[in-house]
Amino acid sequence: MSVVLDKPVFVPVQLEGEFKTLLAKTFSSEPEWLKEKRKEAFENFSDSGIPTRKDEEYKYTDVRKIFSGKFTAIHNEAHKLNFIPSPLGKENIQLVFINGWLHKDSTLSTKLSKGVIVGNLATDGLLNHSDLLKKYLSNDGDALAQLNSALWTDGAFIYIPENVAMENPIEIIHISTGVKEILASPRHLIIVGKNSSVSIIENNISLDLNAHVIVNSHADIFVGENSKMQFYRLQNDCKNASQISSINVSQEKNSRFDTNAITLGSEWTRNDLSIALNGENCESHLNGLFITNGTDLIDNHTAVHHNKPNCQSNQLYKGILDGKSTGIFNGKIFVERDAQKTNAYQSSKNILLSDDATINTKPQLEIYADDVKCSHGSTTGQLNEEALFYLRSRGLSVESARNLLLYAFANDVLNTIRIDSLKNYLEELVNNCLTPTLSEGEGVKKQND
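Here it is, written out as structure tokens:
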């Protein structure tokens, strides 16, 4: 449970008026149960306000900074793009959203198995499957998740029925664009039935290098009994973008959920991932990699709730930080009294490439069962000078040796990616990210001294 000290409640003045306008216009045709849900969420958000650093969960992260500008939550799909990036190829089933709205012309799909639904929440979900939305859409989470519950405009709606193994991955592409400061609120609902499997890639991209967008996204994910799901979240935004992502996952017995979060860009990022193992013999594997420079801030929070016996979870998060950037890893493992025979492990490893880069790590265990195997650990250091010297003695330049070591460090996470096209794409992105931005960094200069 987070500890909240006395603090003034901060709610951006424009939001209340814009929420009323959205209710009266954009959301006016929605069913009453959803409008009531939105009102409840906005009231919850207004009671809490934007989190401050006095909130234990935001101790190292100043959220008010990104909400201090003159942004608007009222926008529509007026943006027209001549080019939609498809870095993973056209074979995947694609859903494209621009600033939180479906871009119909760019959405691709192949023939789907009977009962499979891959569409958007605002029309495919709300018009044709309102019963599923009513059952599964949550109003859970902190103030920022509540803000998303109140303001969401559109997002992916994916339903995999029982006994279906999806061959091709489903790719959700979220594009941020425009110079006007916008608060985009995409919302995703993903339901996987019993004995099924699917791979989903959420790819966040900025096309406009000057895009001033705050993306506050939320996803509810349900993994049914005996099912398997891989979920990849990529972020490669421009320097003016801010990303807030909260993901709630619920697993049934004998299910497996693998996730991988790769964060390579944006000035400010907050990733919240909460997983509840609600049945016996569940597995969860959480992997993350972030690379920062300049004054970037990347804040990763995870919470794994072991609620039933004989489950296991593994976490591995790695960070490479340069310049005056800041990284945060706050991981929690909760083992409830009934969750005997739990195996839960957590590891955070980081490399600092400059004296001004900062990492804050806070691995935590809360264990109420007595027959468990749990561990957590965190390491932070610089590049291994002996390894660097060895590579240089074999003829590599300082820059090549350094980049090789950094890539090897990152590769532990990249090797967990099971989709070849995605892995190749990310290997190239990580290489590009390491080479041009770091080769001129202080680390190289130090090694040359």
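Just so you know, we're using my numbering here: the sequence shown kicks off at 132 and counts up by one.
Yeah, the Cβ is synthetic: ideal placement off N, Cα and C, and Gly gets one too.
*Out of SER327, VAL346, LYS311, ILE332, state which residue places its alpha-carbon closest to the alpha-carbon of ARG318.*
VAL346
*So is ASP580 buried or exposed if we call it buried at 16+ other beta carbons inside 10 Å?*
Note that ASP580 has pLDDT 36, beneath the 50 cutoff, so the model's placement of it is unreliable and no number is given.
*Label GLU167 either buried or exposed according to how many other C-beta atoms from any shown protein chain fall within 10 Å of its C-beta, with 16 as the threshold for buried.*
exposed
*My guess is that GLN434 and LYS463 are in contact by the Cβ rule of under 8 Å, so how many angstroms apart are they, rounded?*
The sequence as given places Ala at residue 434; Gln does not occur at that position. In this structure, ALA434 and LYS463 form a Cβ contact; the two beta carbons are roughly 5 Å apart against a cut-off of 8 Å.
*Going by C-alpha distance, which of ALA172, LYS196, TYR290 is nearest LEU583?*
Past the edges of the chain, shown from 132 to 580, lies residue 583, and the structure says nothing about it.
*If you pair each beta-carbon of the segment 266-282 with each one of the segment 296-306, do three or more pairs fall below 8 Å?*
no
*Can ILE304 and GLN225 be called in contact, C-beta distance under 8 Å?*
yes
_Here's the rule: buried if 16 or more other CB atoms are within 10 angstroms of the residue's CB, otherwise exposed. What is SER506?_
exposed
_Alpha-carbon to alpha-carbon, ASP486 and ASN294_ = 53 Å
*asked:* To the nearest angstrom, how far is the alpha carbon of LYS472 from that of LEU408?
replied: 13 Å
*Mapping DSSP to helix, strand and coil, what is LEU560?*
helix
*Which of the three DSSP states, helix, strand or coil, is assigned to VAL140?*
coil
*Simplified DSSP assignment, three categories, for LEU447*: When DSSP states are grouped into helix, strand and coil, LEU447 belongs to the strand group.
_Give me, in chain order, the residues of the same chain whose beta-carbon lies closer than 6 Å to that of PRO440; leave out the 5 immediate sequence neighbours on both sides._
GLU411, ALA470, GLN471, LYS472
_Where the alpha helix (DSSP H) containing TRP164 begins and where it ends_ = 163-179
*For the alpha helix (DSSP H) holding PHE520, just list the boundary residues, first then last.*
In the DSSP assignment, PHE520 falls within the unbroken alpha helix (DSSP H) covering 516-524.
*Could you check the C-alpha separation between ASP427 and TYR290 for me, to the nearest Å?*
Using only the alpha carbons, I get a separation of about 36 Å.
*Do ALA281 and PHE176 have their C-beta atoms closer together than 8 Å?*
Yes; because the gap between Cβ atoms is below 8 Å, this pair is in contact.
*Candidates GLY309, PHE465, SER509, of which the one nearest TYR499 by Cα*: PHE465
*Beta-carbon separation (whole angstroms), LYS449 vs VAL544, contact threshold 8 Å*: 5 Å
*If we ignore side chains and look at the alpha-carbon of each, how far apart do HIS436 and ASN326 end up?*
Taking the straight line from one Cα to the other gives about 23 Å.
*What is the DSSP secondary structure of VAL529, counted as helix, strand or coil?*
Three-state DSSP puts VAL529 in a helix.
*Go ahead and pull the three-state DSSP assignment for LYS359.*
strand
*asked:* I'd like the span of the beta strand (DSSP E) that includes TYR267, first residue to last.
replied: Run containing TYR267: none in the beta strand (DSSP E); it sits in the alpha helix (DSSP H), 261-267.
*asked:* Can you tell me whether PHE520 is buried or exposed? The criterion is at least 16 other CB atoms within 10 Å of its CB, across all chains shown.
replied: exposed
*Segments assigned beta strand (DSSP E), at least 3 residues, entirely inside the segment 405-453*: 414-423, 428-437, 443-452
*asked:* Could you give the first and the last residue of the continuous alpha helix (DSSP H) run that contains ALA296?
replied: Per DSSP, ALA296 belongs to no alpha helix (DSSP H) and is neither H nor E.
*Rounded to whole angstroms, what's the CA-CA distance from ILE393 to ARG525? Just pull it up for me.*
32 Å
*Check GLY508 in the structure and name its three-state DSSP category.*
Of the three classes helix, strand and coil, the one that applies to GLY508 here is strand, per DSSP.
*Near VAL140, what residues of its chain come up, given a Cβ to Cβ distance below 6 Å and the 5 sequence neighbours on each side ignored?*
GLY180
_Reduced DSSP category for GLY572 - H, G, I as helix; E, B as strand; rest coil_ = Bear in mind that the predicted position of GLY572 carries a pLDDT of just 42, short of 50, making it too unreliable to give a figure here.
_For TYR189, three-class secondary structure by DSSP_ = helix
*What residue range is occupied by the uninterrupted beta strand (DSSP E) comprising ASN270?*
From DSSP, ASN270 is part of no beta strand (DSSP E); its letter is neither H nor E.
*Straight-line CA distance for LEU447 to GLY272?*
So the alpha carbons of these two residues sit roughly 24 Å apart.
*Whose CA, out of GLU517, GLU530, LEU496, THR489, lies closest to the CA of THR511?*
THR489
*Can you tell me which of the three DSSP states ASP486 falls into?*
coil
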